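In our numbering, the protein residues as written are 39 to 463. All residues carry an ideal CB built from backbone N, CA and C; glycine is no exception. Bear in mind the structure is a predicted one, so any value in this text is a computation, not a measurement.
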Ligand code: GLU
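Take a look at the structure:
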């Protein structure tokens, strides 16, 4: 059993490479990142002591455009996770057909344990170490797990200070008014629900007749839950990580969760306050209970490797759709079980491509120095996500393919075309 995101990304890639008959050199090129940077960042802490943080940036493939992908903040971060995630970014940008490559970064730390000023120094330190590898035409970071617009602005400011000019295209997910795009905060979660809406339509299921269970309650999950309830669905259970107890809990309300009320008792990192949840009448269950609920839709929106061979059999027979909002939430072994079941899967790099698609819109707006209204951004996002879903779905129907395989075939073929036309292979 593999809980290594890089290995899992390679297992998925190798399977599809075999199916579409890629030649050896192309396989070799695409199953590994092209560049990676490992750095140590020494930081002065507020109490005068010094600490050194490990950080990475991995660029998987840039044949279709500059590297693109978030910078994760996580105490358990590993370079293999970043490698796997950088591969998934390449496929993500290709499946929605935006002119960007795949990259990912990470700093090994827990922002909950650093002050604002320490976080700022660390963000600036990251750019001091890696600015030469960054650039609007080179590699463009964005927010990801536990990083947000304020971190992006510190990084942007440091980059612009070093190069001595305004460079708003070097980073996306910036605050609105500081080069950020309206709708960027909503984009990943909304994108998940646009693809879910299309899936339900194909399955001839009315969203109003459905209920869902969600893993995670960070930015992506919150906006996914909001739009899903706007479409008439009912969220019955949401799980989240509790940093004090160092374990997860599931918060359930059988008659449907009021998302705004729950957001009101959730901190910036997606941790729901247990005491307040009890006052609001939530049942508090074990962390993995989210997966075992009798619901129509499961939305894993936390981290990788959450649906595994050990728990996949606990998924209720009622579940009709899994929309993977997180990157790599399903291990390859569990995926084999889902593939053989009647569950319709919206695979991660298609379902959660809304964030990077809106990042691309942000770059476009920065280049024009003209910013669209929110409705215009969201409409363009919906169009992009819907047409990507349609292309994957149509291929899966035509060739009787599992949705993940169809998404991979489209994405890999686009990247292969770019590397071949460039004459790399
Ligand atoms: N971190 C997001 C993702 O995994 C967005 C990346 C971006 O906007 O570059 O897709």
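- Residue 190 sits close to residue 210, with the two beta carbons spaced by under 9 Å.
- Boundaries of the alpha helix (DSSP H) around residue 297: 297-302.
- Between residue 130 and residue 387, the beta carbon gap of about 4 Å places them in contact (Cβ cut-off 8 Å).
- When distances are taken from the beta-carbon of residue 133 to the heavy atoms of the ligand GLU, even the shortest one reaches 8 Å or more.
- A Cβ-Cβ distance of about 6 Å is found for the pair residue 84 and residue 155, placing them in contact under the 8 Å criterion.
- When distances are taken from the beta-carbon of residue 393 to the heavy atoms of the ligand GLU, the shortest one is below 8 Å.
- DSSP, read as helix, strand or coil, puts residue 320 in coil.
- The three-state reading of DSSP puts residue 221 in coil, since its state is none of H, G, I, E or B.
- Under the 10 Å beta carbon count, residue 365 is surrounded by 16 or more other beta carbons and is classified as buried.
- Per DSSP, reduced to three states, the secondary structure at residue 208 is helical.
- Boundaries of the alpha helix (DSSP H) harbouring residue 200: 187-201, taken from the DSSP string.
- At a Cβ-Cβ threshold of 9 Å, residue 43 and residue 374 do not count as neighbours.
- At the C-beta level, residue 389 and residue 233 come within 9 Å of one another.
- Taking C-beta atoms as the reference points, residue 446 and residue 51 count as a pair closer than 9 Å.
- Taking 3 residues as the shortest admissible run, the region 76-121 contains the following complete beta strand (DSSP E) segments, listed from N- to C-terminal end: 88-99 and 105-111.
- The beta carbons of residue 363 and residue 221 sit no closer together than 9 Å.
- Here the distance from the Cβ of residue 333 to the nearest heavy atom of the ligand GLU is not below 8 Å.
- Apart from the 5 residues on each side of it in sequence, residue 142 sits with its Cβ closer than 7 Å to the Cβ of 96, 107, 108, 120, 123, 124 and 127 in its chain, given in chain order.
- Ranking 461, 273, 316 and 204 by CA distance to the CA of residue 404 puts 204 first.
- Sorting 207, 118, 157 and 358 by C-alpha distance to the C-alpha of residue 242 places 358 at the top.
- Annotation: the region 415-456 contains no complete segment of the alpha helix (DSSP H) (minimum length 4 residues).
- Distances between the C-beta of residue 256 and the heavy atoms of the ligand GLU are all 8 Å or more.
- Cβ neighbours of residue 267 within its own chain (closer than 7 Å, five residues either side excluded): 273 and 297.
- Secondary structure at residue 288: strand, using DSSP grouped into helix, strand and coil.
- In its chain, beyond the 5 residues on either side, 457, 462 and 463 have a beta carbon closer than 7 Å to the beta carbon of residue 67.
- The beta carbon of residue 226 sits closer than 8 Å to at least one heavy atom of the ligand GLU.
- The region 167-176 makes contact with the region 66-82; the number of CB pairs closer than 8 Å reaches 3 or more.
- In the three-state reduction of the DSSP assignment, residue 336 falls in the strand class, which pools E and B.
- For the options 379, 311, 303 and 256, the alpha carbon positioned closest to that of residue 339 is the one of 256.
- In terms of side-chain proximity, the C-beta atom of residue 178 is found nearer than 8 Å to a non-hydrogen atom of the ligand GLU.
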